[in-house]
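*Asks:* My structure is below; once you've seen it, I'll send some questions.
Here's what the structure looks like:
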């Protein structure tokens, strides 16, 4: 029979000798591997005391950004919701009323903005699609929970806190 690749090995079908039947050599080889691993550095991290370093390109929880004056950047254009392959983002637009210029940057703003983290695949397409740099993915790990409703983040949960005026 002709071999198709060089990786294939012919199986040794000769009968085992006395030492091979005792399996002592194989047992000692396995014990040697166990002994070597016993003195190696542990791969486990003691989580509460130490945290694992994440990559620089790690994508975590979503954040809605504000501008320098504390106004919301999001104009409810819907590009982030369209770019999301998992359809995890829902939003409703509203018109800015007179006297709300200090809250919203444009005439249109997101009255409702929700991200379902159970559907989100953390691809970052929403971050790339946003023309106003309103949404970005932070380095924060989503917290664990037993309830599904805790994984649906509203606008209040995602917005950076409003800056306090220090001139007062």
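In UniProt numbering, the protein residues as written are 1 to 168.
In this text, a Cβ means the ideal position worked out from N, Cα and C, and glycines have one as well.
Identify which residue in 114, 136 and 54 has its Cα closest to the Cα of residue 157.
*Replies:* Comparing Cα positions, the closest option is 114.
*Asks:* Quick one: Cα of residue 150 to Cα of residue 117, how far?
*Replies:* Cα-Cα distance, rounded: 9 Å.
*Asks:* Return the CA-CA distance between residue 71 and residue 51, expressed in angstroms with no decimal places.
*Replies:* Distance between the alpha carbons of residue 71 and residue 51: 34 Å.
*Asks:* Please name the residue or residues paired with residue 95 in a DSSP beta bridge.
*Replies:* DSSP lists 108 as partners of residue 95.
*Asks:* Among the residues of its own chain, which have a CB less than 6 Å from the CB of residue 168, if the five just before and after it don't count?
*Replies:* Summary for residue 168: the model assigns pLDDT 46, below 50, so the residue's position carries little reliability; its value from the coordinates is reported in the next sentence. Once the five neighbours on either side are set aside, residue 168 has no close Cβ partner at all.
*Asks:* With DSSP as the reference, label residue 114 as helix, strand or coil.
*Replies:* In this structure, residue 114 counts as strand in the three-state DSSP scheme.
*Asks:* Identify the residues that DSSP records as bridge partners of residue 63: which are they?
*Replies:* BP columns for residue 63 point to 136.
*Asks:* Tell me whether residue 35, by its Cβ, gets closer than 6 Å to a heavy atom of the ligand NAD.
*Replies:* This structure simply doesn't include the ligand NAD, nor any ligand for that matter.
*Asks:* DSSP on residue 159, reduced to helix/strand/coil?
*Replies:* Here residue 159 sits in strand by DSSP.
*Asks:* In three-state terms, what does DSSP make of residue 45?
*Replies:* Reduced to three states, the DSSP call for residue 45 is coil.
*Asks:* Would residue 135 be called buried (16 or more neighbouring beta carbons within 10 Å of its own) or exposed?
*Replies:* So residue 135 ends up on the buried side.
*Asks:* Out of 108, 44 and 91, state which residue places its alpha-carbon closest to the alpha-carbon of residue 97.
*Replies:* Comparing Cα positions, the closest option is 108.
*Asks:* Per DSSP, residue 72 is paired with what?
*Replies:* Answer by DSSP bridge pairing, in chain order: 66 and 104.
*Asks:* Closest by CA to residue 131, which one among 75, 55, 13 and 49?
*Replies:* Among 75, 55, 13 and 49, the Cα nearest to that of residue 131 is on 75.
*Asks:* Strictly by DSSP, which residues pair up with residue 153?
*Replies:* In the DSSP output, where bridge partners are listed per residue, residue 153 has 115.
*Asks:* Is the stretch 73-92 touching the stretch 36-44 in the sense that three or more CB pairs, one from each, lie closer than 8 Å?
*Replies:* Counting Cβ pairs under 8 Å, fewer than three are found: no touch.
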